[in-house]
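According to my numbering, the stretch in the sequence shown is residues 1040 to 1231, in order.
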Amino acid sequence: MDFPLDKAGFDRNDQYLWGPSLLVSPVTEKGARSRKIHFPQGADWYDLYSGKKVSGGQDLLVDAPYERIPVYAKAGAIVPVGQELQYSTEKKQTVLDLYIYAGANGQFSLYEDEGDNYNYEKGKYSRIDIRYDNRTQTLSLADRKGEFEGMLHSRKFNIIFISDRNATGIDSPTKKSMAVSYHGKALQIKLN
């Protein structure tokens, strides 16, 4: 549905998009350590783990080790990554890594609520709209909308800009990042 002009992808039934930004390609053959992936035409893709860019409109054989499902982020994706949690109220996510993938404009809404009740149905939640402008390489964090009891009023974002010049993935031991403090008011960050 997201790539209606990519007829080569119509018959693929062993990979899927998770939301608009992540291409997930689970291994479906016992013992396989690689798999063929179709990269939809009309977008570039970045390996989530290494940051290596792949052009869309082709099929490639990629590594698929036992402990990892191949996942690729679409150019323009904004992918937040927080600390590992066992349950939603374990600890507050005071620091979030924001992976921004060059090559296209992107947007994402960071939604949060209390995590342990239905108060969101009564409007008790917050949302931060995030946009990336590829032409100017500018990331915009909008004013926070909404609030709920116990929410963080300030947080730190580590901005990790993934491009041809900075191929970094979530597994990379060192990441070039930019720390930004956010206090609920709009910010613009130049990423080049």
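All C-beta atoms, glycine included, are put in the ideal place defined by N, C-alpha and C. These figures come from a predicted structure and were not determined experimentally.
| query | result |
| --- | --- |
| Between the Cα of Y1085 and the Cα atoms of K1214, I1209 and L1226, which residue gives the shortest distance? | I1209 |
| Between which two residues does the beta strand (DSSP E) harbouring Y1221 extend? | M1217 to Y1221 |
| Whose C-alpha, out of D1152, F1042 and Y1126, is nearest the C-alpha of H1192? | D1152 |
| Decide if V1118 is buried, meaning its Cβ has at least 16 other Cβ atoms within 10 Å, or exposed. | buried |
| Leaving out five residues on either side along the sequence, give the residues of the same chain with a beta carbon under 6 Å from the beta carbon of A1114. | A1082, D1083, Y1140, G1142 and A1143 |
| Under 9 Å, do H1077 and G1048 count as touching if we go by C-beta distance? | yes |
| Give the DSSP bridge partners of Q1146, in chain order. | R1170 |
| From T1177 to R1183, what distance separates their C-alpha atoms? | 18 Å |
| Considering only their Cβ atoms, is the gap separating D1050 from T1067 smaller than 9 Å? | no |
| On the CB-based measure, 16 or more other CB atoms within 10 Å of its CB, does L1099 come out buried or exposed? | exposed |
| Do Y1150 and R1166 have their C-beta atoms closer together than 9 Å? | yes |
| Do you know how far the Cα of L1226 is from the Cα of S1073? | 42 Å |
| Taking the straight line between their C-alpha atoms, what separation do you get for G1223 and D1172? | 20 Å |
| Considering only residues of the same chain and omitting the five flanking positions on each side of K1017, which have a CB-CB separation below 7 Å? | An answer regarding residue 1017 cannot be provided, because it is not within the stretch 1040 to 1231 covered by the chain. |
| Taking C-beta to C-beta, are G1121 and S1211 nearer than 9 Å? | no |
| Measuring straight from C-alpha to C-alpha, what distance separates E1106 and K1069? | 13 Å |
| What does the alpha-carbon distance come out to for the pair N1231 and N1197? | 15 Å |
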